[in-house]
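J.:
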Amino acid sequence: MTIPDWGAVTTPQAQDALTAIVEAFIGPKWDKLDEIEGRIHCIVLSGYAAGGRAPATADVAAAAGLTLDGAASVLRRLSGRDLLILDAGGRISGAYPFTDGPTEHHVEANGLTLGAMCAIDALGIGAMLERDVVIHSACRHCARPLTIRTRCYGREVDQVEPSGIVVWSGHRYAAGCAASSLCTVQAFFCDDAHLEAWRANSPAASREGVRLSLAEALEVGVAIFAPMRMELSPWIPTI
Ligand SMILES: [Zn+2]
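238 is the number that numbering that gives the first Met the number 0 gives the last residue of the sequence shown; the numbers go up by one with no jumps.
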């Protein structure tokens, strides 16, 4: 799994946003999975794609041919790499780009509604699943509902409502967990005015980042998540 696909980003802003995400998060955390880590990760993502929510640990173990304890041990290693999130009971509650936790980002795909960790993750799901999706989210400033439809198997923006949607890609990563740090500052806004109003009222730590057009943010999402398709394909023959 080679993440990201740098060829997917075509503007300096998209390259800056992707560089920040890679340096803070992906690069140090996601490199060099061993065979079983890679296999379990794919099973978890495939479970989300097929079922709309995290697979149970017992199902992951069965799919991987491991004992329950064996699968739980590998899930903890993946959690340590911040590739997935476990709840207090050790159950999977998220695996980038998907989450079962509270989120303002929901993606219609494959007849399911999938929760996404953040705006960038929501935009990457279509390319990851090689299908067009409808993203429902909300402006982080005014909470207005936003809708984004993709075309070209999730690789281009199609219809958008409202028309001026922009994305903020903030630079915050903490406590070894993007879900509770970096993801919280990857957000959609109605337009630049609402992005600027939100930034003006945000703590200083939330003001560092890159403003992306929707097309640029989609490029960043594709760069991160489209490569996961290669890993998924053996596991989701019905999709
Ligand atoms: Zn707004």
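Glycine residues also receive a C-beta, built at the ideal position from the N, C-alpha and C atoms. As the structure is a prediction and not an experimental result, all values here were calculated from the model.
Beta-carbon within less than 8 Å of Glu129's beta-carbon, same chain only, minus the 5 sequence neighbours each way: which residues are those?
T.: The residues are Tyr152, Gly153, Arg228.
J.: Determine the extent of the alpha helix (DSSP H) in which Gly175 is found, giving its start and end residues.
T.: Here Gly175 belongs to no alpha helix (DSSP H), and DSSP marks it neither H nor E.
J.: Of all the alpha helix (DSSP H) runs that stay within the bounds of the region 76–114, which reach a length of 4 or more residues?
T.: Qualifying alpha helix (DSSP H) stretches: none in this window.
J.: Near Leu111, which residues of its chain fall below 7 Å by C-beta distance, leaving aside the five closest residues on each side in sequence?
T.: Closer than 7 Å at Cβ, skipping near neighbours: Gly51.
J.: Would you check if the distance between the CB atom of Gly89 and the CB atom of Ala71 is smaller than 7 Å?
T.: Result yes, Cβ atoms of Gly89 and Ala71 sit closer than 7 Å.
J.: With distances taken from CA atoms, which of Phe24, Phe224, Pro226, Arg210 is nearest Thr10?
T.: Comparing Cα positions, the closest option is Arg210.
J.: Give the DSSP-derived three-state secondary structure of Glu36 in the structure shown.
T.: Glu36 falls in the helix class under three-state DSSP.
J.: Return the residue from the list Gly69, Ala192, Ser180, His170 that minimises the CA-CA distance to Gly163.
T.: Among Gly69, Ala192, Ser180, His170, the Cα nearest to that of Gly163 is on Ala192.
J.: Out of Leu122, Arg139, Ala137, Ser179, point me to the one whose CA is closest to Asp131's CA.
T.: Here the closest residue by C-alpha is Leu122.
J.: What would DSSP say about Thr10, mapped onto helix, strand or coil?
T.: Coil.
J.: Might you give, ordered along the chain, the residues of its own chain that have their beta carbon closer than 7 Å to the beta carbon of Pro1, omitting 5 neighbours on each side?
T.: Reading off the sequence shown, one finds Thr at residue 1, where the question assumed Pro. Contacts found: Pro226.
J.: Leaving out five residues before and five after Cys117 in sequence, what residues of the same chain have Cβ atoms less than 6 Å from its Cβ?
T.: These residues qualify, in order along the chain: Cys182, Gln185.
J.: Looking only at its chain, what residues have a beta carbon closer than 7 Å to the beta carbon of Ile235, apart from the 5 residues adjacent to it on each side?
T.: Residue placement at Ile235 is flagged as unreliable, the pLDDT there being 49, under the threshold of 50; the coordinate-derived value follows with that caveat. If we look at Ile235 and ignore the five residues flanking it on each side, its Cβ neighbours are Ser45, Ala48, Ala49.
J.: Would you list the one or two residues that DSSP bridges to Leu145?
T.: DSSP lists Ser136 as partners of Leu145.
J.: Excluding sequence positions up to five away, which residues of its chain have a Cβ less than 7 Å from the Cβ of Ala57?
T.: Within the same chain, Ala57 has close Cβ partners Leu67.
J.: First and last residue of the beta strand (DSSP E) that includes Asp157?
T.: It spans 155–160 - the beta strand (DSSP E) in which Asp157 sits, taken as one unbroken run.
J.: How many Å lie between Ile20 and Trp5 at the Cα?
T.: Using only the alpha carbons, I get a separation of about 12 Å.
J.: Which of the three DSSP states is assigned to Arg210 in this structure?
T.: It is a strand residue.
J.: Classify Ile235 as helix, strand or coil using the three-state DSSP reduction.
T.: Because the pLDDT of Ile235 is 49, which lies under 50, any placement of that residue in the model is unreliable, and the number read from its coordinates should be weighed accordingly. Three-state DSSP puts Ile235 in coil, outside helix and strand.
J.: With a threshold of 6 Å, establish whether the CB of Val141 neighbours any heavy atom of ligand 1.
T.: For clarity, residue 141 is Cys in the given sequence; the question names Val instead. Cys141 Cβ: within cutoff of ligand 1.
J.: Are the beta-carbon atoms belonging to Ile134 and Ile119 less than 7 Å from one another?
T.: No, the Cβ-Cβ distance between Ile134 and Ile119 is not below 7 Å.
J.: Consult DSSP for Arg150 and reduce its assignment to one of helix, strand or coil.
T.: Three-state DSSP puts Arg150 in a strand.
J.: Taking the alpha-carbon positions, what's the Ser180 to Ala61 distance?
T.: Distance between the alpha carbons of Ser180 and Ala61: 32 Å.
J.: Roughly how many angstroms lie between the CA atoms of Ala108 and Arg150, to the nearest whole one?
T.: Cα to Cα, the separation comes out at about 12 Å.
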